[in-house]
Structures are given as structure tokens and as C-alpha cells.
Amino acid sequence: MSEIDLHQELKKYFGFSQFKGLQEEVIKSIVAKEHTFVIMPTGGGKSLCYQLPALINEGTAIVVSPLIALMKNQVDALRGISSEHGIAHVLNSSLNKTEIKQVKKDISEGITKLLYVAPESLTKEENVEFLRGEKISFLAIDEAHCISEWGHDFRPEYRNLRSIIKRIGDNIPIIALTATATPKVQEDILKNLGVTNANTFKASFNRPNLYYEVRPKTANVDADIIRFVKQNEGKSGIVYCLSRKKVEELAQTLQVNGVSAVPYHAGLDAKTRAKHQDMFLMEDVDVVVATIAFGMGIDKPDVRFVIHHDIPKSIESYYQETGRAGRDGGEGHCLAFYAYKDIEKLEKFMSGKPVAEQEIGHALLQEVVAYAETSMSRRKFILHYFGEEFNGGKEDGVDMDDNVQNPKKQIEAQPEVEL
Ligand code: ADP
Ligand code: MG
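Take the sequence shown: its position 236, counting from 1, is numbered 235 in numbering that gives the first Met the number 0, and each next residue is one higher.
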């Protein structure tokens, strides 16, 4: 086979003239039909890592993805780059018989380069039987952390993937992709897939433009938040709260104090949620007060602050949620209010769960406590948690946190105050 000009292919299919980060190395590994493990933060450009090789390689690439909405978006985008409608398909339970027949025909004729499936569809006997007979270029597992109980989004169906892949074909290259950087989850992914010899590509998770700060949470926390928001008037920000009730209360308190804010949580009807999200994106309001229901897939580049009224249940969640600040590379202030009482509250929430889950939850929470109470560089702490040694300089954000700027004593827990 003659040498493929990857830059030319990138330009041809996607219109980009440069690869982002490690994309080119990853793509080379996949084109060479080797097992490949990709760890890149959200927005790093993971989709292209398997889409381009799928378009180049012979056969159909199977892409396992947990979310139907995500699959649909990707398929629509891929159809836009080709005159061939069948270039990408989703295979799921919403298709009728005629549609399924067409998908299978397109695969058999070699038209389909990417077949998106949810894990539960891949498990179906008739699909396994069909795919066994087809030419499969590789199998990509997006959001691969769903395999691990240590991840933030464990999906039991992901556990069956290994045996299914084996049945579809013996030597299918496996590509696992995730934005979860913890070594524990990474080990789990490879172990569960039974892959020992993957080429691993891990991008840095450092966000040099984010400033990390933790303040003790007192009875005056709402006033502290109002003051912060007022000092940042006109800037976009997200305030995360644990409960829907608190979201409503705090949004109102902010409004009463002259801040343009809207609430967002899963208890609001779909119309109101969409409206509030749009108001935030269109900058009709500065602040959205939200539960963690807000944020997935929201791409507002100029979010200038993310405040946590309540500390989240893991460092990973904290990283994901604060990661929504400063996407444009500009200022992004990440401020968390911490009281040990909130940790106890989170522990209590878990008490009804299976013991194994509680143990994991407890271990994750202990890391949150360590982060909140540390006097070391918060950036260093977060990156260390992700298995990354931070030795960066000013351009890497070395002094962008409270502990580095004002070295101080540990923050003491405040057990007595009513929150
Ligand atoms: P991830 O899955 O890692 O979160 P995505 O695959 O959704 O990231 O990509 C994030 C954004 O980066 C998308 O808008 C995508 O079009 C863009 N992107 C990916 N690769 C490149 C590239 N080489 N040049 C420019 N933009 C890119
Ligand atoms: Mg992705």
C-alpha cells in the first residue's frame, strides 16, 4: 500500500489543515490496525481520531457510543461530507425492518464506513451474526470509561463488549477513547477489553487559563456568592448546587439582588430548561444556577467563572464541571465552597447503595476532601490525580490558584454552622 497523505485526507474530508494535539499519531496507529487507547480531555478532538481512519481504511468501522443524540449528530455531520448518504449509519431499535435492511445492504456493499451502535444493540444476536460476515475495519469504543465502575458513568452493557467483539471477529483492532484520565479507570478499561498491547496516547489535562480557589463555606455562603458575581458583573458564569431546591432558592436570591440569573435542573419541564439554556447561551442572562444536569455538551466558550456552592462527589466531576470555564482560552475562575458537613451529606446519600459502590464513592470523596483541604498547588493536585506530573511554568498556569498565590494554613472544617 502506498503511503497515505494524512494531511491531504484531513483537508479533503474535514476541511482542517492541521491536526489537533496527538490526533495524527493516533490516526497512524489506527490506520496500522493496532489496538489504540486515546485519553484526551473533552473538546480535544477524539471523534476525528476514529472518523478519519474509518474513511481511509477498507471495510466498516463499528463505533460504540452510549448516547443516541451524540451518535445522530455525528452521523448527520459525516453525511454532510459525502455525497453518499449511506457513508454513516446508526443501528438501533428505532429503525424499522426496511431501514435495517438498507443499513445492512450498505454495509455489505462497502458503502458504509462508520456504523454507530449502542452497546445494547451490538449485543443483539441477529446483529452479531450479521456483522460476523462483514468486513470490519476496527471497533471504536467512545466514552470508554463507561466500562469502569470507577468512572463517573458506569454502564453495565459496556461490560459485554469484549465477548461480543471476539464473536464478530478474532483480529479486530480495538480503539478505546475517553476523557477520563484517572489511572484506575484506564487500567479497568484495558483489563475489561482484554487488551494488553494497546498503543496509548494521553494528552495533558492541564488547563493553564483556569484559576482554582477553595473558600470555607460558612452560613454566609450565599452572600459570598452574590458578592463574587457582582464583582464580575456582565460576565457569564455557572453556579452549581447539589439540590434542585437550592438551585431555585439561590437563583431567586441572585435575582432579588439584581443579578440576571436563571435556574436549571432536571425537575424543570423541557421547555423551561431549553429556554433557560438559550437565555444563557444568548447572553440574555449572566448566570445560570444549576444542578449537574446542566453542562453536558454545552459549548459556551466565554464562561468566565464556575462556582460550586456544594462540593462535588469526585475530583473528576469537579474537573469536568470547572472545565466549562474559559474554553476560549480566556479567564476562567473556578471557585468552590467547602464544608466537611457537605461531605457527610454526600456520604449519607450513598448509604442505600450496594457496598461495593459505597466503597468506591467513599474513596472518591476522600480525594475531594484532600483537594479542598490541601495547601499545595491545586493544579498540581488535580493533575497528579490524573496521573500527570505537573512541573510547568507561568505559561502553564503554575501560579493560577489560591494556595500558590497566598500560601496559607489548611482550611478548617466548620462543623457547627447551619448551611
Ligand atoms: P471530544 O470528543 O474529544 O470531546 P470532539 O471530537 O467533539 O472532541 O471535537 C471537538 C471539536 O474540535 C469539534 O468541534 C471538532 O470539529 C474540532 N476539531 C477536531 N479536530 C480538529 C482539527 N484537526 N482542527 C480543527 N478543529 C478540530
Ligand atoms: Mg467525544
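Idealized CB from N, CA, C, for every residue including glycine.
The structure displayed is predicted, hence computed values, not measured ones.
Close Cβ partners of residue i (< 8 angstroms) along its chain, the five nearest in sequence each way excluded
i, result
"Ala-60", "Tyr-49, Pro-52, Ala-53, Lys-112, Leu-113, Leu-114, Ile-135, Ser-136, Phe-137, Leu-138 and Ala-139"
"Ser-120", "Leu-90, Asn-91, Ser-92 and Asn-126"
"Ile-359", "Glu-148 and Trp-149"
"Glu-8", "Leu-51, Leu-54 and Ile-55"
"Ala-197", "Glu-33, His-34, Thr-35, Phe-36, Ile-173, Ala-175 and Leu-189"
Backbone secondary structure at residue i - three-state DSSP
i, result
"Gly-392", "coil"
"His-208", "Note that residue 208 is Asn in the sequence shown, not His. Asn-208 falls in the coil class under three-state DSSP."
"Asn-402", "helix"
"Asn-198", "strand"
"Leu-424", "The requested residue 424 is not part of the displayed model; the chain covers only 0 to 418."
"His-275", "helix"
"Ile-3", "coil"
"Thr-97", "helix"
"Val-220", "helix"
"Pro-300", "coil"
"Ile-237", "strand"
"Leu-160", "helix"
"Val-127", "helix"
"Pro-262", "strand"
Cut-off 7 angstroms between Cβ atoms - residues of its own chain near residue i, not counting five sequence neighbours on either side
i, result
"His-308", "Val-220, Ile-224, Val-238, Tyr-239, Cys-240, Lys-245, Leu-249 and Phe-336"
"Ile-164", "Leu-138, Ile-171 and Ile-173"
"Met-278", "Val-261 and Val-284"
"Glu-247", "Pro-262"
Strand pairing of residue i, partner residues [DSSP]
i, result
"Ala-335", "Val-213 and His-307"
"Phe-137", "Ala-60"
"Ile-67", "Partner(s): none; Ile-67 has no beta bridge."
"Phe-454", "Past the edges of the chain, shown from 0 to 418, lies residue 454, and the structure says nothing about it."
"Tyr-49", "DSSP lists no partner for Tyr-49."
"Tyr-115", "Val-62 and Val-89"
Beta-carbon separation (whole angstroms), residue i vs residue j, contact threshold 8 angstroms
i, j, result
"Tyr-384", "Ile-314", "5 angstroms"
"His-151", "Ser-316", "6 angstroms"
"Gly-328", "Asn-208", "6 angstroms"
"Arg-272", "Val-302", "Not quite, the Cβ-Cβ distance comes to about 18 angstroms (not below 8 angstroms), so this is no contact."
"Ile-38", "Lys-201", "4 angstroms"
"Glu-133", "Ser-107", "6 angstroms"
"Asp-105", "Gly-79", "With a Cβ gap of about 17 angstroms, Asp-105 and Gly-79 do not count as contacting."
"Phe-304", "Asn-231", "6 angstroms"
Exposed unless 16 or more other CB atoms sit within 10 angstroms - verdict on residue i
i, result
"Gly-43", "buried"
"His-6", "exposed"
"Phe-36", "buried"
"Gly-109", "exposed"
"Ser-82", "exposed"
"Asp-141", "buried"
"Glu-320", "buried"
"Ser-235", "buried"
"Phe-348", "exposed"
"Asn-354", "Position check: residue 354 holds Val in this sequence, whereas Asn was assumed. Exposed: under 16 other Cβ atoms inside 10 Å."
"Thr-179", "buried"
"Arg-131", "exposed"
"Val-255", "exposed"
Proximity test, residue i beta-carbon vs the ligand GDP heavy atom, cut-off 7 angstroms
i, result
"Lys-45", "The ligand GDP is not part of the structure shown, which contains the ligand ADP and the ligand MG as its ligands."
Contacts around residue i, its chain only, beta-carbon distance under 6 angstroms, and the 5 residues preceding and following it disregarded
i, result
"Lys-19", "Gly-44"
C-beta neighbour in chain D for residue i, strict 8 angstroms
i, result
"Ala-250", "Absent here is chain D; the protein component of the structure consists of one chain."
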